[in-house]
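These notes concern the structure reproduced below.
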Amino acid sequence: MKLSAAVLFFSILLQYCTSSGQPDSRGFISIDCGIPENSTYQDLTSTILYVSDRGFVTSGENRNISAGYISPSLAQRYYTVRAFASGVRNCYTLPSLVAGNKYLVRAAFYYADYDGLSTPPVFDLYLGASLWHEVRFRDAAAINWMDVVAVAPTDFLQVCLVNKGTGTPFISGLDLRPLRSTLYPEANASQSLVMVNANRCNVGPTDKSVVRPTKAHFSGPTSRYPLDPHDRIWLAYGAVPAWTEASATSVVRNYLADPYDAPSAVMQSAATPSDGSVLSFSWDTSDDRSVDASSATYLLVLYFAELQRVSASGELRRQFDIAVDGTAWNREPYSPPYLFADSFSGTVQGQARHSVSLTATRNATLPPLLNAMEVYLVRPVDEAATDPGDAKAMIAIQEAYVVSKNWMGDPCAPKAFAWEGLDCTTDPPTGTPRITALNLSSSGLTGPITTYFGDLKALQYLDLSHNNLSGSIPDCLGQLPFLVFLDLSSNDLRGPVPYTLLQKSHNGTLSLRLSNNPNLSGNGSGPKKLNGAALLSAIIIPTVAATALSVTFIALLLRALKEQARRRAVDPTPRDETALLENREFSYRELKHITKNFSLEIGRGGFGAVFLGYLGNGNPVAVKIRSESSSQGGKEFLAEAQHLTRVHHKNLVSLIGYCKDKDHFALVYEYMPEGNLQDHLRLRGCLILAHSNIKPTGCVLDQILTVFLFFFFYFRLGVQFLLMCLDTCTHRPLTWQQRLQIALDAAQGLEYLHVACKPALIHRDVKSRNILLTTGLGAKIADFGLTKAFSDSETHITTEPAGTMGYLDPEYYRSYRASEKSDVYSFGVVLLELVTGQSPVVPVDDSVSVHVGEWVQQSLDRGGGVESVVDPSMGRCERGDYDVNSVWKVADLALRCRREASRERPTMTDVVAQIRESVELEAARRSSASGAAAAGGGGGLRSCAGERDAFEVVEGSVGETAGAAPGPAMI
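Going by UniProt numbering, the sequence shown opens with residue 1, and the numbers climb by one from there.
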């Protein structure tokens with residue numbers, strides 16, 4: 001949903017300008033529901049800027065409350081409401097959040113007979129796909145507000161009002177406040193904390209005129225922002241005859257790791273019992289109708305701070321015990337810290353009257369005290385929200401076509417409110433719903449087909465027939481990996497049908513319907529009938545041409561093979577790599593010439609498509625053309641490219657140059673003829689010599705077809721690329737010695753980025769696919785252009801996590817804080833790939849997969865030796881194919897790189913040093929084996945058990961004991 005740019009800009013500007021001398025309010029969203037569009041005002045008490053809700057919701061109507069309910073003390077945000085008379089579910093969208101971050105969301109309701117019916121409604125409030133709470137009013141004059149502390153599953157949150165048939169839902173105000181991730185640790189991805197009305201209070205009875213009511217415990221004056229930086233609303237508990245007030249004017253501070261961060265203004269007052277021995281109170285949850293009485297769980301937080309300086313001699317000593325529902329919460333007598341906020345928290349079960357008692361100990365000379373308290377309902381997530389990528393795509397599609405269906409809130413959840421026209425299927429590994437079918441037939445859609453359909457990566461069925469869609473068919477539909485049915489019939493589409501769609505239709509993997517699009521070419525209508533002469537020409541001419549072309553092609557191919565063999569015989573060493581480092585800026589016209597008009601695409605990544613090209617000196621290059629969806633701007637791209645052309649190391653893929661020509665952006669890299677490490681480890685190729693049971697796959701077959709199609713115009717490019725492909729696709733499985741050298745090369749490249757570059761560079765997407773290989777199987781790190789520089793004074797960079805699942809550091813994923821140790825974690829996964837030959841995610845059976853690290857750990861825990869996890873294509877230890885201790889050393893290193901806490905992981909310098917030791921062990925084994933062979937001995941099988949007793953288990957990985965030789969161990 002598109003927000004008013006003027007409202008957002010003014011909101012941010014005014015909040016920034018008024019923040020001087022006050023807590024930071026950046027990130028606050030404060031909505032007064034029902035005021036005119038583009039209206040804003042500043043609350044006189046809190047100084048918070050409130051804006052209209054028009055940019056956050058697309059349904060409902062503005063209404064004013066009845067004049068008789070307005071009083072001088074009533075906050076302005078309660079003067080109006082937005083009512084939703086139409087639809088079952090109506091939703092607000094709170095944008096520009098950070099997925100995985102924690103937020104406090106507050107919804108406020110003041111009925112005040114706005115509709116003249118004098119009957120307050122009852123309706124449900126949802127946060128995303130999960131029930132927040134039922135909204136129910138004591139009477140027409142009651143003000144209800146509800147807080148929830150929740151983790152955002154994506155970069156937006158939706159607050160939905162659901163009509164239950166008991167009155168029209170409405171809302172007065174909606175607030176969002178960002179929280180530190182360490183606050184309220186009980187709130188996480190699987191559960192939220194819900195507060196209804198006044199269950200947060202300042203216990204110190206600061207207003208003697210306020211008498212504590214029988215039912216509603218909390219009333220009286222409030223404290224909120226700026227006194228509370230998080231804008232929590234604290235109500236005074238009210239005067240209790242058996243309590244006495246204690247107060248202080250000094251600031252009450254918070255500990256650095258305080259999980260609740262109570263504000264000083266609240267902690268400066270407290271209640272103590274008048275009798276000097278016991279302070280007790282209770283609260284009742286039995287009237288909460290929105291939860292299951294038998295399973296309801298509540299979080300209770302009690303806040304304490306000593307406000308009186310106690311004497312060292314013990315003449316003034318405050319010491320007491322804390323009990324909740326008769327159960328002790330403290331192990332030893334408790335004394336609150338002086339002028340520091342402290343807290344006790346725990347859960348209570350069931351709906352009932354719960355009691356708290358603070359009892360002075362025998363040694364106490366001062367009564368117990370209580371400064372503040374909070375009570376939350378612990379609300380588990382009811383249903384998993386729709387996959388974030390699918391949800392964002394559907395919201396964009398709804399905005400593009402203004403679909404007049406029930407398209408509000410989460411597309412798939414709850415199931416009772418799922419969007420019309422969608423079919424959702426739960427993804428087994430993640431448990432999140434994925435959109436697998438979308439039927440928008442006869443929905444009145446106009447304009448072009450939006451490319452957001454291409455973001456529905458799990459889509460299998462798409463029906464856009466019988467609309468008024470125009471323009472061309474986007475290529476993205478052909479890129480949907482699971483699409484089996486596509487109906488675009490009866491529209492006004494024009495232009496050619498994407499080749500990928502036609503190809504899938506022809507091979508039977510896609511049912512494609514394109515009828516009644518008169519301006520569409522290649523739309524599947526049957527070919528015209530040919531007469532006899534035309535039919536003969538259609539058969540003979542292509543046959544003769546194909547035969548001549550084949551003969552010419554084979555002759556040129558044989559000639560090229562001979563020439564290549566001659567060059568290798570004369571000069572078997574690779575070209576001087578320094579000749580590639582031109583560090584130049586190319587024009588877009590030059591790139592078109594180098595790549596023969598971008599005729600041969602050899603890859604595609606996050607930056608864009610990659611094309612093969614040749615410089616004037618004959619050196620092959622990889623040209624990466626930025627896609628239109630890339631987020632980098634021109635200045636950012638130019639600065640990054642110019643910086644990267646100055647980063648040179650033998651184990652980094654060389655950036656030869658770049659192109660910034662108007663709207664064209666490209667990077668030119670040296671071409672790596674042996675492809676990437678991942679393909680070598682998975683034995684992806686065409687003619688794997690050591691595994692004759694593996695059939696030829698896409699590489700040669702597809703590229704021979706490509707060469708034939710383009711050969712007539714681009715024969716030099718086609719022949720040379722085919723030669724490279726043949727070289728790449730005939731590799732044998734990597735030996736352990738080769739894997740060690742690749743690991744060492746790659747580690748040295750990463751070490752250079754971390755240590756030698758000033759400022760240091762973090763790769764953020766280390767994986768086997770980004771380790772490219774030279775002709776001699778030397779390794780180089782690729783795609784480090786995605787790194788971000790950070791200064792020496794910083795230890796991390798904060799950004800939305802980049803990277804690839806399976807390789808992504810979980811600490812980085814949770815905190816968005818990338819460091820060198822994030823790369824170390826990912827490199828540990830690469831090391832495990834080198835040892836096992838497995839992918840990062842290992843399938844255990846048809847429905848269950850585990851991470852390769854867990855798979856290795858489980859295999860070794862079951863008592864298997866290292867041979868149980870070693871890639872069988874490396875051979876067998878008994879045959880002398882590898883040194884078992886060398887393998888153990890790398891496996892141990894890999895698991896230490898994958899430790900959960902980044903501080904426990906080695907640095908890349910440590911990694912390089914330890915891989916060198918493994919290289920030396922393997923070299924010693926090969927030297928020993930060669931010596932034994934020369935001496936004529938060593939005919940039997942060697943022991944490969946390793947020296948298991950020389951290792952001990954240390955925090956889940958293999959650790960070497962003092963004075964012991966390396967060997968295997970349980971991990």
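Cβ atoms here follow ideal geometry from the backbone N, Cα and C, with glycine treated the same way.
This structure is a prediction, so every number in the text was calculated from the model and none was measured.
Query, Result
"Looking at the unbroken beta strand (DSSP E) that takes in residue 973, where does it start and where does it end?", "In this structure the chain extends from 1 to 971, so residue 973 is not present and cannot be described."
"Could you pull the DSSP bridge partners for residue 1052 from this structure?", "For residue 1052 there is no data in the structure shown, the boundaries of the chain being 1 and 971."
"For the beta strand (DSSP E) that contains D175, what are its first and last residues?", "G173 to L179"
"Can the beta-carbon of Y255 be found less than 8 Å from the beta-carbon of F340?", "yes"
"Please report the residue range of the alpha helix (DSSP H) in which S505 lies.", "Y499 to H506"
"Cα separation between R682 and L834?", "10 Å"
"Nearest by alpha-carbon distance to A112: which of S172, H466, Q158 and V610 is it?", "S172"
"Go to G109, then tell me how far its beta strand (DSSP E) extends in each direction, as first and last residue.", "Sequence inspection shows Phe at residue 109; the Gly mentioned does not correspond to that position. Run containing F109: K102 to Y110, per the beta strand (DSSP E) assignment."
"When DSSP labels each residue in this structure, what does E37 get in the three-state scheme?", "coil"
"To the nearest angstrom, how far is it from the Cα of T735 to the Cα of M874?", "5 Å"
"Take C659 as the anchor and find which of V668, N651, V653 and L652 has the nearest alpha-carbon.", "V668"
"Could you tell me the alpha carbon to alpha carbon distance between N517 and R626, rounded to whole angstroms?", "33 Å"
"Do P367 and T272 have their C-beta atoms within less than 8 Å of each other?", "yes"
"Which residue marks the beginning of the alpha helix (DSSP H) containing Y260, and which one marks its end?", "Segment: none, Y260 is in no alpha helix (DSSP H) and carries neither H nor E."
"Indicate the three-state DSSP secondary structure (helix, strand or coil) for P496 in the structure shown.", "strand"
"Would you list the one or two residues that DSSP bridges to D463?", "N439 and D487"
"State whether the region 142 to 150 contacts the region 104 to 121, with contact taken as three or more CB pairs (one from each stretch) at a distance under 8 Å.", "yes"
"For R224, which of S118, G55, N64 and T47 has the nearest alpha-carbon?", "T47"
"Please go through the same chain and pick out, in chain order, the residues whose beta-carbon is closer than 6 Å to the beta-carbon of L462, but skip the five residues on each side of it.", "L438 and L486"
"Using the Cα positions of F453 and C476, report the straight-line distance between them to the nearest angstrom.", "8 Å"
"Between which residues of its own chain and T249 is the CB-CB distance below 8 Å, once the five residues before and five after are set aside?", "Q268"
"Roughly how many angstroms separate the alpha carbons of V81 and V159, rounded to a whole number?", "15 Å"
"Identify the continuous beta strand (DSSP E) that holds R739 and give its terminal residues.", "Run containing R739: none in the beta strand (DSSP E); it sits in the alpha helix (DSSP H), W736 to E751."
"Can you have a look at M805 and say buried or exposed, based on whether 16 or more other CB atoms are within 10 angstroms of its CB?", "exposed"
"How long is the line joining the alpha carbons of F281 and V378, rounded to whole angstroms?", "21 Å"
"On a CA-only basis, which of N770, A372 and V484 is nearest E306? Give me that one, please.", "A372"
"Report all residues from its chain with a CB closer than 7 Å to the CB of P178; omit the five preceding and five following residues, and keep chain order.", "G27, N101 and Y103"
"If you follow the alpha helix (DSSP H) that Q398 is in, where does it begin and where does it stop?", "P388 to Y401"
"Go ahead and label H506 buried or exposed: buried means 16 or more other beta carbons lie within 10 angstroms of its beta carbon, across all protein chains shown.", "exposed"
"Compare the beta carbon distance of L750 and V766 with 8 Å and say whether it is the shorter of the two.", "yes"
"To the nearest angstrom, how far is it from the Cα of Q914 to the Cα of L193?", "47 Å"
"Since Y752 and N651 should fall inside the 8 Å C-beta cutoff, what is the C-beta to C-beta distance between them, to a whole number of angstroms?", "7 Å"
"Give every residue of the same chain whose Cβ lies closer than 7 Å to the Cβ of V570, excluding the five residues on either side of it in the sequence, and list them in chain order.", "With a pLDDT of only 36 at V570, under 50, the local geometry of the prediction cannot be trusted, and the value read off the model is given with reservation. If we look at V570 and ignore the five residues flanking it on each side, it has no Cβ neighbours."
"DSSP has D679 in a bridge; who is on the other side?", "None; D679 has no bridge partner."
"Given a cut-off of 8 Å on the beta-carbon distance, is the pair residue 1015 and G87 in contact?", "Because the chain is modelled from 1 through 971, residue 1015 falls outside the range shown and cannot be assessed."
"Can you round the beta-carbon distance between T432 and P411 to whole angstroms, since I take them to be within the 8 Å contact cut?", "About 12 Å separates the two Cβ atoms, so there is no contact after all."
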